[in-house]
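Below is one structure, written out as structure tokens; comments come after it.
Protein chains: 2
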Amino acid sequence: MSRYAVSVYWIFSNDYPDLLHNHPMDLSGRLIDAFLALEETRHFGVAARRCNVSPSAFSQAISRLERLVGARLFDRDTRNVALTPEGESFSAGAHRIAAEISASMSELRDRAAHRTGKIAVAAPPSLCVEWMPRMLAEIRYEHPGIALQLHDVVSDRCLELVLRGEVDFGVNAQPGNELEFETQLLFNEPFYLVCRADDPLARGASVWLRELDGAVFINVVRSGSVWQHLQSVLAGVNVCDSGFEVAQFGTLAGLIDCGLGLSVVPRSTLPLCVRQSVTAIPIRDKKAVRPIYIIRRRNRSLSSAAQMLWDRIAVSWPQQQVVSGKSPPGGHD
Amino acid sequence: MSRYAVSVYWIFSNDYPDLLHNHPMDLSGRLIDAFLALEETRHFGVAARRCNVSPSAFSQAISRLERLVGARLFDRDTRNVALTPEGESFSAGAHRIAAEISASMSELRDRAAHRTGKIAVAAPPSLCVEWMPRMLAEIRYEHPGIALQLHDVVSDRCLELVLRGEVDFGVNAQPGNELEFETQLLFNEPFYLVCRADDPLARGASVWLRELDGAVFINVVRSGSVWQHLQSVLAGVNVCDSGFEVAQFGTLAGLIDCGLGLSVVPRSTLPLCVRQSVTAIPIRDKKAVRPIYIIRRRNRSLSSAAQMLWDRIAVSWPQQQVVSGKSPPGGHD
DNA sequence: GTCAATTACGTTCTCCGTAAGGATG
DNA sequence: CATCCTTACGGAGAACGTAATTGAC
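These protein sequences, in sequence, are chains A and B.
So for the first sequence, my numbering puts the first residue at 1; every next one is plus one.
So for the second sequence, my numbering puts the first residue at 1001; every next one is plus one.
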């Protein structure tokens, strides 16, 4: 009896009385399925088997559907089953509903299986020379249905694209602030000395930064992250400013080739810098590196496809952890 | 313990194991509603209130939906709610599903409320002169959204249209066979003598059939039901065949007007027969009637709109009952 | 009499609401 | 610490299966 008393209390304490299990719109996919099966087979038993339920359950389901829509949908006796005019009217809608449900489900399944989807990433031009294209080529080969988008942009623009959701994630030499971004260090990319092959500095297999004292130095433009990092890398080295400030690494190579100076660039740009008479030499200083991060918006999940690429990139360097938002020396913004 | 034994037996005797409450397509309208509410409000509490459920139930519903589609649809913490890429992808489909469900339900509701729909009826030309048009005019006035169709056809064609479902029901002077048709007698329509106003028979207020002995009789075509019924009505009366056999009652009136004979017609055709010098006189014989039935396919329900008109017609003569399929004397086919 | 749909009835599962828990700002 | 989403839990209703009933041929 006390159980009943509790029930009564609950009935009256229910703050959501409007919709006690009788919403006008609780059409379920099962009911639509039942309708379509019966429409096609015109036979309760067969339709029930097709829906994997007992004839009894199927009959009840049809009754439920009819009660729900407020109209008898099938005329039936023990021998014949046929649509009523209302059933005919409902049929078109039922087919459309089923098609929409099916389409929505397949779309999500396709995305989950990476048969379709889209990945947009941003990366600095240097990493777009070989590194990102190689990553994307793998994806394209394994999942040709996924649309790929690559923005080769400078650091600030990369963060902007990530923040605005125009790319799923970015690869960047500069981490974002930790309130808005989730950042993981991928690797530290070493800088290389780039100079003429007949430059005295090119005699050894590697050089120290201090050996660059007095060398004529060609700068890259200040907007890129390369310039930012070089400021700290070259701190304490007395290089001589050549006066040039180039935007493209191919230009850099041309200037060097003609004996107008030398430069220091990240390894990923070497394919653009090295030519017949221009060579690249490792720098032995541990600090002659720039960090490469992978960056996404904090608290935003990635699409299934983007997550796959993220994992593939991030997992390649398994020892890394999320870094704090403090900018490293030489970083800006 | 015996209860558990029974349960175990049932588990193993279950012939429908495939789909034990985990069909891939049991998307319900409620879940779609929940999704749309949360997409719009971006707030669990508010969306829950809009759906008239507790925050807890709403949260569970979203989780259920996400488990069902196999993808996380919302990124959320205690402060922010946002669609994931998969959620964005699902959104369009969800809107379409909701729209289709809503449209289907409204359509059925509109039909139930007679705001829309269609009625097609067949009736003999005689009853299309005044009787059916009056019925249909009422419907049109009260329910202008319902499309109306009227076939003025002869008896056999009427049954054919009913059987083939090209009309919802028919009004007919001849009942169909009771296996395929469901028939209800509406009324017995009296026959009238139609003759020149100066005919001796027109002197009284009414006549007996036997008074027609020797009169020159103009027949209507044999294909119509009028001819069928006249055969039995005039059995035993020795009328003189005029040789004319007309299809239109206007023609009949013209012939009579010119003194070429007289005829006997159902009351409903009188508006077409009576003119200045042609008059109609009731016949006193009880058998000088033809039955008018309302006929529909057996075991086929009518559309909501058609049912309304059927009821309106059938209920006008409440004492009538379903007649047997035996053709009345004079009936054919 | 037979076959198929329905109804009756008991069981299981779904879904809800209350209440407690936990994370975030 | 306040807010809001989530989990835990118990109960009501939904939905199913078996079995009995109805109804049509």
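Just so you know, even glycine gets a beta-carbon here, dropped at the ideal spot from N, CA and C.
Because the structure is a prediction, the values reported are computed rather than measured.
query, result
"Residue range of the alpha helix (DSSP H) that includes B:C971", "In the structure as shown, chain B starts at 1001 and stops at 1333, and residue 971 of chain B therefore has no counterpart that could be examined."
"B:V1162 to B:A1123 span [Cα, whole Å]", "11 Å"
"Cβ-based neighbour list, A:H21, same chain, cut-off 7 Å, excluding 5 preceding and 5 following", "Note that A:H21 scores a pLDDT of 39, beneath 50, so its modelled location is shaky; the value from the coordinates is reported in the next line. So no residue of the chain qualifies."
"For A:G117: DSSP bridge partner residues", "A:I146"
"DSSP-derived helix/strand/coil call for B:Q1184", "strand"
"Check whether B:W1227 and B:N1238 have beta carbons under 8 Å apart", "no"
"Short Cβ contact (8 Å threshold) for B:V1069 with B:L1038", "no"
"Where B:E1245 falls: helix, strand or coil (DSSP)", "strand"
"Nearest residue (CA-CA) to A:L65, options A:V207, A:R42 and A:D26", "A:D26"
"Under 9 Å from the C-beta of A:S104: neighbouring residues of chain B", "L1027, V1069, S1089, F1090, A1092, G1093, A1094, R1096 and I1097"
"Proximal residues to A:L148 (C-beta, below 7 Å), its chain only, five neighbours per side dropped", "I119, L136, I139 and R140"
"Cβ-based burial, A:N172 [other Cβ within 10 Å; buried from 16]", "buried"
"The segment 1276-1304 of chain B: positions lying closer than 8 Å to chain A by Cβ", "N1299, R1300, S1301, L1302, S1303 and S1304"
"Proximity to B:D1075 [Cα-Cα], best of A:R96, A:L234, A:Q307 and A:S301", "A:S301"
"Rounded distance between the beta-carbons of A:F169 and A:R298, thought under 8 Å", "In fact, because the Cβ distance is near 12 Å, the residues do not count as touching under 8 Å."
"Separation of A:L193 from A:V278, as counted between CA atoms", "10 Å"
"Burial state of A:T78 (16 or more Cβ within 10 Å)", "exposed"
"8 Å Cβ cutoff, B:T1041 in contact with chain A", "no"
"Whole-angstrom distance between A:L186 and A:M132, CA atom to CA atom", "13 Å"
"Min CB distance A:I101 to chain B below 8 Å", "yes"
"Under 8 Å by beta carbon: chain A residues contacting B:L1108", "V69, G70, A71, E86, S89 and F90"
"Length at least 4, wholly inside the segment 223-296 of chain A: the alpha helix (DSSP H) runs in chain order", "225-233, 249-257 and 270-273"
"C-beta contact flag for B:L1262 and B:D1199 at 8 Å", "yes"
"Length of the line joining the Cα atoms of B:Y1312 and B:S1063", "What sits at residue 1312 of chain B in the sequence shown is Arg, not Tyr. If you take the alpha carbons of B:R1312 and B:S1063, they lie about 52 Å apart."
"Inter-residue CB distance, A:C51 and A:F58 (contact presumed, cutoff 8 Å)", "6 Å"
"Proximal residues to B:T1116 (C-beta, below 6 Å), its chain only, five neighbours per side dropped", "D1110 and G1145"
"With 16 other Cβ atoms within 10 Å as the buried cut-off, status of B:A1235", "exposed"
"Alpha carbon of B:P1085 to alpha carbon of B:L1031, nearest angstrom", "19 Å"
"Beta carbon proximity, B:D1075 to chain A, threshold 8 Å", "yes"
"A:R111: contacting residues in chain B (beta-carbon distance under 9 Å)", "A1071, P1085, E1086 and S1089"
"Completely contained alpha helix (DSSP H) runs for the segment 64-147 of chain A, where each covers 4 or more residues", "85-112 and 131-142"
"Neighbourhood of A:I97 by C-beta, 6 Å cutoff - its chain only, sequence neighbours within 5 removed", "I32"
"Cross-chain neighbours of A:A47 in chain B, by beta carbon under 9 Å", "Under the 9 Å cutoff, chain B gives no residues; its nearest Cβ is about 13 Å from A:A47."
"Other residues of its chain near A:G214: CB distance less than 8 Å, five sequence neighbours each side excluded", "N238, V239 and C240"
"Test: B:R1030 CB closer than 8 Å to a CB of chain A", "yes"
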